[in-house]
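Per this note's numbering: the sequence shown = residues 3 to 419.
Cβ atoms here follow ideal geometry from the backbone N, Cα and C, with glycine treated the same way.
Below is one structure, written out as structure tokens; the observations come after it.
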Amino acid sequence: MDEILIRGGKRLKGKVSISGAKNAALPILAATLLAEGECRIQNVPQLRDVSTILRLISDLGGKTSEIDPHQVSVDNTQATGHEAPYELVRTMRASCLVLGPLLARRGRARVSLPGGCAIGARPLNLHLKGLQQLGAHIDLDQGYINARASRLKGAHIWLDISTVTGTENLMMAACLAQGESIIENAACEPEIVDLAAALTKMGAKIAGAGTDCIHIQGVSSLSGFTHRIIPDRVETGTFMIAAAITGGEVEIDNCHPEHLSTVTAKLIEAGIEVEEKADSLKVHAHGTLQAVDIKTATYPGFPTDMQAQFMALMTLARGSCMISETIFENRFMHVSELIRLGANIKIEGHTALVTGVPVLKGAPVMATDLRASASLVLAGLAAHGETLISRIYHLDRGYEQIEQKLAALGADIERLA
Ligand code: EPZ
């Protein structure tokens, strides 16, 4: 299993360029299942999860090819497959995003339930309830979702929780349904807006993406498109914290600062200097780091995907802070590993009390999920001595060439095969 070895204590300096957003690429690649014609997607990040969904699309009969390292062509015009097998779905729960498009375009889908996840139960009940409201007949058997629909019909859907992929699945299904659909309490993340932009290029009629109420007028067919994926706001935030935790000075290019305004606000509150431009950010950490409370929330609140990384920063802040996780029920797997590096953290239910310590000391630690592994990398960059992170395959799901990017900023980091 790959490991990453970090010799901490180096201040990061220089420029880094952000890759395309994983959580926009996955739904937009799934949306190609709706199209009659070739789809060209640009700024696609080179990630394990992207390879997984491309393999799934290919297994479903789609033609996929790489135009360049960050641009793919997908054509599902002749494809007729409808099954997403367990061995694939269990490696990436976002495979569930093929459910809506397959139902809408091919009238049926057999998608494995994803099974457990480290950060929480993450059920799909709201996806299925919404699809049933759109007229799908759904039953579960032997761990698979069996869904059928001759033609989906528009519906007024109320989501109990503003589920991101649930909103995306239902939005894609509704695009080819008969009549109008309304999705209330929809997720507002930038990735939803990017998906809606791609669907609109395909001929979909969508209004309100980015708000909690999305209106969709069904159409009879959707065509191919060309679309450039937005930058990854979580990768951006991760590099902001890499600069902050090492007391460095880093320029972050090809990003959308407005997509992570709450993270920026919290870093400024903690004493970090942040200069925003249209598509870049400058982060300069020179003063004392102050402890700052955070509470994760749906967009535009503080993103749950940045909670572990921010906690790593707070382990070295002056004073104590409360970090509350409101989205997932078990997203503190990084805490015990941070404690191995000398952090002072106490968990009370969904809240962690972090009391800053003067230094962290390098040690062997284990990655447990994608953002927890990013948190350990960040802590390792600041820790004195060597930090060896195992199970680094978690990191490869969501960060493109992270050790190369960090090394280019002056970090002493290497992957041990
Ligand atoms: C998306 O996951 C992201 N993944 C996650 O990023 C992110 O953490 C999450 O949204 C929250 O922002 C992708 O976009 C591929 P949810 P998703 O449905 O859609 C509950 C990363 O690190 N829920 O918004 O699966 C659920 O259990 C990943 O890149 C139901 O109860 O998250 C959770 O508690 C991790 N029933 C809450 O809602 C449902 O049917 C929010 O989950 C659906 C969700």
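Residue i CB to nearest heavy atom of the ligand EPZ below 7 Å
i	result
residue 47	no
residue 449	Any property of residue 449 remains undetermined from this structure, which presents the chain solely from 3 to 419.
residue 297	no
residue 172	no
residue 167	yes
residue 237	no
residue 306	yes
residue 189	yes
residue 373	yes
residue 129	yes
residue 332	no
residue 149	no
residue 28	yes
residue 400	yes
residue 193	yes
residue 25	yes
residue 55	no
residue 310	no
residue 59	no
residue 96	yes
residue 185	no
residue 329	yes
residue 163	yes
For residue i, the residue or residues it bridges with in DSSP
i	result
residue 110	150
residue 211	213
residue 366	390
residue 7	390 and 416
residue 86	113
residue 259	Residue 259 pairs with nothing; no bridge assigned.
residue 295	According to DSSP, residue 295 bridges with nothing at all.
residue 16	252
residue 220	Note: residue 220 sits in no beta bridge, so no partner.
residue 230	44
residue 283	254 and 278
residue 22	233
residue 304	298
residue 348	355
residue 37	224
Within-8 Å CB hit, residue i to chain D
i	result
residue 44	Annotation note: the requested chain D is absent from the structure, which comprises a single protein chain.
Closer than 7 Å: residue i CB and nearest the ligand MG heavy atom
i	result
residue 321	Among the ligands modelled here, namely the ligand EPZ, the ligand MG does not occur.
CB-CB length for residue i against residue j, believed under 8 Å
i	j	result
residue 359	residue 318	7 Å
residue 333	residue 122	7 Å
residue 19	residue 255	5 Å
residue 143	residue 30	Their Cβ separation, rounded to whole angstroms, is 30 Å, which puts residue 143 and residue 30 out of contact at 8 Å.
residue 369	residue 378	6 Å
residue 252	residue 276	That pair is no contact at about 11 Å.
residue 91	residue 114	4 Å
residue 106	residue 36	6 Å
residue 62	residue 83	4 Å
residue 148	residue 98	With a Cβ gap of about 14 Å, residue 148 and residue 98 do not count as contacting.
residue 59	residue 34	7 Å
residue 209	residue 183	Incorrect: roughly 11 Å between the Cβ atoms, too far for contact.
residue 314	residue 380	4 Å
residue 326	residue 298	7 Å
residue 119	residue 77	So it is not a contact: roughly 32 Å between Cβ atoms.
(message) What ranges does the beta strand (DSSP E) occupy inside the segment 118-166, keeping only unbroken runs of at least 3 residues that lie completely in it?
(response) 139-143, 146-150 and 158-160
(message) So within the segment 311-340, which uninterrupted beta strand (DSSP E) runs reach at least 3 residues, ignoring any that extend past its ends?
(response) 322-326
(message) Threshold first: 4 residues or longer. Then list the alpha helix (DSSP H) segments lying entirely within the segment 39-99, N to C.
(response) 50-61 and 88-91
(request) Write down every uninterrupted run of the alpha helix (DSSP H) in the segment 176-208 whose length is 4 residues or greater and which is fully enclosed by it, in chain order. (result) 192-203
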